[in-house]
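Student: All residue numbers for the sequence shown refer to full-length UniProt numbering, where the first residue is 1 and numbers rise by one. Just so you know, even glycine gets a beta-carbon here, dropped at the ideal spot from N, CA and C. Have a look at the structure that comes next, please.
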Amino acid sequence: MRAIKHSSSPVSSLGRRERKRELTRQAVFDAAVSLFVGHDADAVTTQQIADSADVSFGTVFNYAATKNELFLLAYNSVFADAITAGEQQLDGDQPPATTVDALHALLRPLLELCHGSDRANLLRYHRELLFSDSNDRYRLQGIELVSQLERSIARILLRGLGSTAASVDDAPQPLADTVRSAARAVWAAVQFSVAMPEHTIDENVRFADADEATVIRQIDIIVRGLETTAAYLPGSTSTS
1 MRAIKHSSSP VSSLGRRERK RELTRQAVFD AAVSLFVGHD ADAVTTQQIA DSADVSFGTV
61 FNYAATKNEL FLLAYNSVFA DAITAGEQQL DGDQPPATTV DALHALLRPL LELCHGSDRA
121 NLLRYHRELL FSDSNDRYRL QGIELVSQLE RSIARILLRG LGSTAASVDD APQPLADTVR
181 SAARAVWAAV QFSVAMPEHT IDENVRFADA DEATVIRQID IIVRGLETTA AYLPGSTSTS
């Protein structure tokens, strides 16, 4: 996984002191990604991150106030990569045939992560974004990534309804708010699939199916509901 680059300008254009600081910053971020991703987050220590970045223990805290901030930084990188990969799948030679297919293409990299071997850390990451009372910069960056993904979902939904609006912000009301709500529901289906336990207290009894196919079925229901609702909105172009 690549780490998110936090420099606002190329390192080569900075002065010597700023360049050194930026290289140190990136070393700390890269170390956090390599140590957290795919590993037990509780077992990772700030000292390990400092050693991996070849900096002092105290230097790490120049770039993140807590270990939890470093964890959020690492999984913001993972989340951003998944969003980028999904958007690239939409730009292939053969565009998806249906709205649900397009949403599946966009969300597939994220769903594969959420239901893969790193599920525990992804669950922790999503809980931090949803329920933490912290307003640290890395949580805010993660929330902005969620907003970015919801905007991408909304664009797909708009196209499926026959809208020519470039984004949900350009769509007329009440269509815009309706599509925003549907996009939020699609994202909620993904979130819930991560949070849903596989079993009841009795490990032999499954609590719910929370695999990728189940999420896509839920998304299909949301899309059908949106199409039905949109057909009755003023000025609708929906043909459903």
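Using only alpha-carbon positions, find the residue among 164, 113, 145 and 176 that is nearest to residue 212.
Tutor: In the sequence shown, counting from the first residue as 1, residue 212 sits at position 212. Of 164, 113, 145 and 176, the residue nearest in Cα terms is 113.
Student: Just to confirm before moving on: does the CB-CB distance between residue 70 and residue 28 stay below 9 Å?
Tutor: The sequence position of residue 70 within the sequence shown is 70, counting from 1. The sequence position of residue 28 within the sequence shown is 28, counting from 1. Closer than 9 Å, so yes.
Student: What residue range does the alpha helix (DSSP H) around residue 177 cover?
Tutor: Indexing the sequence shown from 1 puts residue 177 at position 177. Note, residue 177: alpha helix (DSSP H), 175–195.
Student: Among residues of its own chain, excluding the 5 on either side of residue 143, which ones have a beta-carbon nearer than 8 Å to its beta-carbon?
Tutor: Locating residue 143 in the sequence shown gives position 143, where the first residue counts as 1. Hits under 8 Å: 129.
Student: Below 7 Å CB to CB, which residues in the same chain sit around residue 57 once its five sequence neighbours on both sides are set aside?
Tutor: Position 57 of the sequence shown, counted from the start, is the residue given in the question as residue 57. Cβ neighbours of residue 57 beyond the five flanking positions: 46, 47 and 50.
Student: Do you know whose CA, among 65, 72 and 18, lies nearest residue 35's CA?
Tutor: Looking up residue 35 in the sequence shown gives position 35. Measuring from the Cα of residue 35, the nearest candidate turns out to be 72.
Student: Using the Cβ count rule (16 or more neighbours within 10 Å means buried), how would you classify residue 230?
Tutor: Position 230 of the sequence shown, counted from the first residue, corresponds to residue 230. Buried: at least 16 other Cβ atoms inside 10 Å.
Student: Buried or exposed, going by whether 16 or more other CB atoms sit within 10 Å of the CB of residue 160?
Tutor: Residue numbering aside, residue 160 sits at position 160 when the sequence shown is read from its first letter. Looking at its Cβ environment, which holds 16 or more other Cβ atoms inside 10 Å, residue 160 is buried.
Student: Output yes or no for whether 9 Å exceeds the beta carbon distance between residue 156 and residue 110.
Tutor: In the sequence shown, counting from the first residue as 1, residue 156 sits at position 156. In the sequence shown, counting from the first residue as 1, residue 110 sits at position 110. No, the Cβ-Cβ distance between residue 156 and residue 110 is not below 9 Å.
Student: Looking only at C-alpha atoms, which of 175, 60 and 44 sits nearest to residue 23?
Tutor: Here residue 23 refers to the residue found at position 23 of the sequence shown. When each option's Cα is compared against that of residue 23, the closest is 60.
Student: Using CA coordinates, which residue listed in 167, 163, 162 and 132 is at the minimum distance from residue 147?
Tutor: For the purposes of this step, residue 147 is taken as residue 147 along the sequence shown, with counting starting at 1. Measuring from the Cα of residue 147, the nearest candidate turns out to be 167.
Student: Judging by CA-CA distance, which residue of 15, 63 and 43 is the nearest neighbour of residue 26?
Tutor: Here residue 26 is taken as the residue at index 26 of the sequence shown, counted from 1. Residue 26 has its Cα closest to that of 63, out of 15, 63 and 43.
Student: With a cut-off of 8 Å on the beta carbons, I'd call residue 171 and residue 163 a contact; round off their distance for me.
Tutor: Position 171 of the sequence shown, counted from the first residue, corresponds to residue 171. Position 163 of the sequence shown, counted from the first residue, corresponds to residue 163. Right, their Cβ atoms sit about 6 Å apart.
Student: CB residue 165 to CB residue 176, shorter than 9 Å?
Tutor: The count along the sequence shown starts at 1 and reaches residue 165 at position 165. The count along the sequence shown starts at 1 and reaches residue 176 at position 176. Yes.
Student: What's the C-alpha gap between residue 150 and residue 188?
Tutor: Position 150 of the sequence shown, counted from the first residue, corresponds to residue 150. Position 188 of the sequence shown, counted from the first residue, corresponds to residue 188. Going by the C-alpha atoms only, they are around 10 Å apart.
Student: Is DSSP giving residue 102 helix, strand or coil here?
Tutor: The residue you call residue 102 lines up with position 102 of the sequence shown. In this structure, residue 102 counts as helix in the three-state DSSP scheme.
Student: Nearest to residue 21 by alpha carbon, out of 33, 55 and 221?
Tutor: Your numbering for residue 21 matches position 21 in the sequence shown. When only C-alpha atoms are compared, the closest one is 55.
Student: Which of the three DSSP states, helix, strand or coil, is assigned to residue 141?
Tutor: Your numbering for residue 141 matches position 141 in the sequence shown. If DSSP states are grouped into helix, strand and coil, residue 141 belongs with the helices.
Student: Use the C-beta contact count for residue 139: other C-beta atoms within 10 angstroms, 16 or more gives buried, fewer gives exposed.
Tutor: In the sequence shown, counting from the first residue as 1, residue 139 sits at position 139. So residue 139 ends up on the buried side.
Student: With a 10 Å radius around its C-beta and 16 neighbouring C-beta atoms as the bar for buried, classify residue 131 as buried or exposed.
Tutor: Translated into the one-based positions of the sequence shown, residue 131 becomes position 131. Burial call: exposed.
Student: Can you tell me which of 145, 124 and 232 puts its alpha carbon nearest to the alpha carbon of residue 192?
Tutor: Indexing the sequence shown from 1 puts residue 192 at position 192. Nearest C-alpha to residue 192: 124.
Student: Using beta-carbon positions only, say whether residue 133 and residue 78 come within less than 9 Å of one another.
Tutor: Residue mapping note: residue 133 aligns to position 133 of the sequence shown, counting from 1. Residue mapping note: residue 78 aligns to position 78 of the sequence shown, counting from 1. No, Cβ-Cβ distance for residue 133 and residue 78 is not below 9 Å.
Student: What whole-angstrom Cβ distance do residue 186 and residue 221 have, given they're in contact under 8 Å?
Tutor: Here residue 186 corresponds to residue number 186 of the sequence shown, with the count starting at 1. Here residue 221 corresponds to residue number 221 of the sequence shown, with the count starting at 1. So it is not a contact: roughly 10 Å between Cβ atoms.
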